[in-house]
Structure formats: structure tokens, C-alpha cells
């Protein structure tokens, strides 16, 4: 489509040069540009001096292009809807994952606090065992020394 627009613009710019040529030369020059832009079936109909595309052909072409554009538009809209649904699913999954991570972080913090308390309790128990071991050693020494 862009190529055709460019060719039409180029054709318009050369109209001044065309006016200097014979009618047959003008006709062949125009056909050369049309050949670059249109399918060969249209060129054959355009090559007739009174020819060109009929209104019906033009309307049919426009309707065909419009139909193809609508199909592409519907596919794009469907693809967009599918992508939006997937995005919502991903956002929901992400939210669930973030909630799980937060719960795991709370659990980890609680477990670390419990571990720290258990280590303190273990240290206190070891200290108590050492103290009791020392007392037991003193008692054994006293018992061995007494007659």
C-alpha cells in the first residue's frame, strides 16, 4: 500500500513530462506504473483505452480489504483478550506466591526466635550440669575424706 502511494506520487510528479509525449507513449508509461502497483488481471483491464477498474471491482476490492482488516482486528482483539486473561492469572499467581513468601518469612522469623530461646535454654542447662558436676565432685571428695 505504501509502495503504491509512493508510485502514485511519483506518477503525479511526472505528469508534466507525460504531457509532452504522444497519447500512445503516455498510455504505455502509465501502464508501467500500474504494473508495479496492481495485479496483472487489473492491468489487463486497465490497458483498454476506456478501461480501468469498474466501480464494482473497486467496491469488491475495498470490501475485501475491509474484511481482511476486520479479521486481523478480531484476531488482535482476541489475542489481546487472551493476553489480558493470562496477565490476570499471572498477577493472581504472583500475589499468592508473595503471600506464601511472606508467611514463610514470618515462620522463619518465629523459628529463629525459638532456636535462639532453645540455645539459651541449652546453655543454661549445660551451666547447671557443670555446676551439679562440680557439687558432685566436692561431695565425693568429702565422702572419701570422711572416716
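Residue numbers (mature numbering (1 follows the signal peptide of the UniProt record, and there is no 0)): -19 to -1, 1 to 128.
All C-beta atoms, glycine included, are put in the ideal place defined by N, C-alpha and C.
Determine the DSSP secondary structure at residue 29, reduced to helix, strand or coil.
Reading the chain shown from its first residue, position 48 is the one you call residue 29. In this prediction, residue 29 scores a pLDDT of 44, lower than 50, which makes its location untrustworthy; no coordinate-derived value is stated.
Roughly how many angstroms separate the alpha carbons of residue 64 and residue 57, rounded to a whole number?
The residue given as residue 64 occupies position 83 in the chain shown. The residue given as residue 57 occupies position 76 in the chain shown. The alpha-carbon atoms of residue 64 and residue 57 are separated by roughly 10 Å.
Out of curiosity, what's the CA-to-CA distance linking residue 55 and residue 77?
Position 74 of the chain shown, counting from 1, holds the residue named residue 55. Position 96 of the chain shown, counting from 1, holds the residue named residue 77. Residue 55 and residue 77: Cα-Cα distance of roughly 33 Å.
In whole angstroms, what is the alpha-carbon distance linking residue 127 and residue 118?
Indexing the chain shown from 1 puts residue 127 at position 146. Indexing the chain shown from 1 puts residue 118 at position 137. When rounded, the distance between both Cα atoms is 14 Å.
Only counting the same chain, and skipping five residues up and downstream in sequence, which positions put a Cβ closer than 8 Å to that of residue 31?
What you label residue 31 is simply residue 50 of the chain shown in a count that begins at 1. With a pLDDT of only 39 at residue 31, under 50, the local geometry of the prediction cannot be trusted, and the value read off the model is given with reservation. Taken in chain order, the list of residues that qualify is empty.
In angstroms with no decimal places, state the Cα-to-Cα distance between residue -19 and residue 46.
The residue given as residue -19 occupies position 1 in the chain shown. The residue given as residue 46 occupies position 65 in the chain shown. Confidence is the limiting factor: at residue -19 the pLDDT is only 48, short of 50, which leaves the residue's position unreliable, though a coordinate-based value still follows. C-alpha separation (whole angstroms): 11 Å.
Please list the terminal residues of the continuous alpha helix (DSSP H) segment that includes residue 41.
Here residue 41 refers to the residue found at position 60 when the chain shown is read from its first residue. Its alpha helix (DSSP H) spans residues 36 to 126.
Classify residue 22: buried if its beta carbon has 16 or more other beta carbons within 10 angstroms, exposed otherwise.
Start at 1 with the first residue of the chain shown, and residue 22 comes out as number 41. The predicted model places residue 22 with a pLDDT of 49, which falls under 50 and marks its position as unreliable; any figure quoted below should be read in that light. Residue 22 is exposed by the Cβ-count criterion.
In chain order, what residues of the same chain have a beta carbon less than 6 Å from the beta carbon of residue 75, not counting five sequence neighbours either side?
Counted from its first residue, the chain shown places residue 75 at position 94. Result list for residue 75: empty, nothing under 6 Å.
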